[in-house]
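*Asks:* My questions will all concern the structure given below.
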Amino acid sequence: MHPKLEAQDIRLEYFQPRTNTRLVALGGVNLKVMDGEFVSIVGPSGCGKTTFLSVVDGLIAATSGRILVDGKEVSKPGPDRAVVFQDASLLPWRTVLRNVLYGLECLGVRTREAKDRAAHFIDMVGLSGFEQHYPYELSGGMQQRVNLARALVMDPKILLMDEPFASLDAQTREVMQEELLRIWVQASKTVLFVTHQIDEAIYLSDRIVVFSGRPGQVKDIIPVPIERPRRLAMKREARFHQIEDRIWSLIEEDVRADRNRRAVDRSDPNS
């Protein structure tokens, strides 16, 4: 059985003119995500999580390696992948309905079909009755629901989510996590989710990919053997904390190593 998404030895280097050096952001990422799977990526700050997501979407070209979707190589953005960013980035002059319709309009989808599809996903994200509201009339959580509906209406094979709840308050964030699981089951999508929050990754995911410090590589992949459907109360269970401790210990190794390396660099008069 082919994976829905496969990253094969993805490497990415940037040339830095100011220092005349090359920065290695991704040092050979290999990853397989199966159809319908929810996989999260966690790791130290600056390890390349968001950069890798951008490579998967085709927004950034890898220096070497391949991204495959259903076994076919992709190198640029396409309708088979949709990104949900941290910032909802809704068009302020468009209503909820017209924000969700925007991508379909760009593709020339007929008005009646487009409106039916938009209405379906607006209902799925729990915003029926708000179709004619403007973004400024919505809370942060509601704006991210619109953002999610806008991605889902395009019917992508893979949903790429980059810290989508990071700007929300703690209570709203937990509600949105629960809602995302409901929507994921209903929409039957493959999800690759980037987050700094270990507990968020555990609650949402089938597996968690732990990135090493820069250059980013897959340090370990942790399965989450907790049955679904999941309640938020499971975050207080011992088995949840065991997974959390295991992941944090992996990340902490790189955080400490980076801190020690910086301390040595500062103390070296030749650096």
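Once you know that position 15 of the sequence shown is 285 in the numbering used here, the rest is easy, because the numbers rise by one and skip nothing.
Using N, Cα and C, we set each Cβ at its ideal position, and we do this for glycine too.
Can you tell me the Cβ-Cβ gap for Val303 and Pro349, rounded? I've got them flagged as a contact below 8 Å.
*Replies:* The pair is not a contact, with the Cβ atoms about 18 Å apart (cut-off 8 Å).
*Asks:* Do the CB positions of Ala331 and Asn300 come within less than 8 Å of each other?
*Replies:* No, the pair does not count as a contact, with Cβ atoms beyond the cut-off.
*Asks:* Mind checking whether Asp327 and Val294 have CB atoms under 8 Å apart?
*Replies:* Result no, Cβ atoms of Asp327 and Val294 do not sit closer than 8 Å.
*Asks:* Are Arg288 and Thr333 touching if we call contact CB-CB under 8 Å?
*Replies:* No; because the gap between Cβ atoms is not below 8 Å, this pair is not in contact.
*Asks:* Where does Gln512 fall in DSSP's three states?
*Replies:* Three-state DSSP puts Gln512 in a helix.
*Asks:* Would you report the Cα separation of Lys346 and Gln413, rounded to the nearest angstrom?
*Replies:* One C-alpha to the other measures close to 27 Å.
*Asks:* Please state whether DSSP places Ser541 in a helix, a strand or coil.
*Replies:* For Ser541, the predicted structure reports a pLDDT of 49, less than 50, and the residue's modelled location is therefore unreliable. A value from the coordinates is still provided. In this structure, Ser541 counts as coil in the three-state DSSP scheme.
*Asks:* Please state whether the Cβ-Cβ distance between Ile428 and Thr465 is less than 8 Å.
*Replies:* No.
*Asks:* By the 10 Å Cβ neighbour count, where 16 or more other Cβ atoms means buried, how is Val479 classified, buried or exposed?
*Replies:* With 16 or more other Cβ atoms within 10 Å, it is buried.
*Asks:* Less than 8 Å between the beta carbons of Gln356 and Ala421, yes or no?
*Replies:* Not in contact: Gln356 and Ala421 (Cβ atoms no closer than 8 Å).
*Asks:* Cβ atoms of Thr320 and Asp432: under 8 Å apart, would you say?
*Replies:* Their beta carbons are under 8 Å apart, which means Asp432 touches Thr320 by this criterion.
*Asks:* Distance, Cα to Cα, Asp476 vs Phe463?
*Replies:* Their backbone Cα atoms lie some 11 Å apart in a straight line.
*Asks:* For a test of the three-state rule: what should DSSP assign to Val366, helix, strand or coil?
*Replies:* The answer is helix: DSSP assigns Val366 an H, G or I state.
*Asks:* With a threshold of 6 Å on Cβ separation, who are the neighbours of Pro362 within its own chain once the five nearest residues in sequence on each side are excluded?
*Replies:* Around Pro362: Pro405.
*Asks:* Using DSSP with H/G/I as helix, E/B as strand and the rest coil, what is Pro405?
*Replies:* Three-state result, Pro405: helix.
*Asks:* Taking DSSP as the reference, what is the three-state secondary structure of Cys317?
*Replies:* Correct three-state label for Cys317: coil.
*Asks:* Let's see if you can read the secondary structure: which residues bound the beta strand (DSSP E) around Arg382?
*Replies:* No beta strand (DSSP E) contains Arg382, which is instead part of the alpha helix (DSSP H) from Thr381 to Met394.
*Asks:* Would you tell me roughly how many angstroms separate the C-alpha atoms of Asp393 and Ile521, rounded to the nearest one?
*Replies:* For Asp393 and Ile521, the distance between alpha carbons rounds to 39 Å.
*Asks:* Residues in the same chain with beta-carbon distance under 6 Å from Glu523, minus the five sequence neighbours each way, listed in chain order, please.
*Replies:* Here the set comprises nothing.
*Asks:* What is the DSSP secondary structure of Thr465, reduced to helix, strand or coil?
*Replies:* Coil.
*Asks:* When the Cα of Glu307 is compared with those of Arg509, Leu451, Gln467 and Ser482, which residue comes out closest?
*Replies:* Residue Leu451 is the option with its Cα nearest to Glu307.
*Asks:* What did DSSP end up calling Ile311 once you bin it into helix, strand or coil?
*Replies:* Three-state DSSP puts Ile311 in a strand.
*Asks:* List the endpoints of the continuous beta strand (DSSP E) containing Val455.
*Replies:* Careful: Val455 lies outside any beta strand (DSSP E), inside the alpha helix (DSSP H) at Ala440 to Ala457.
*Asks:* Do Ile311 and Phe510 come within 8 Å of each other at the CB atom, strictly closer than that value?
*Replies:* No, the pair does not count as a contact, with Cβ atoms beyond the cut-off.
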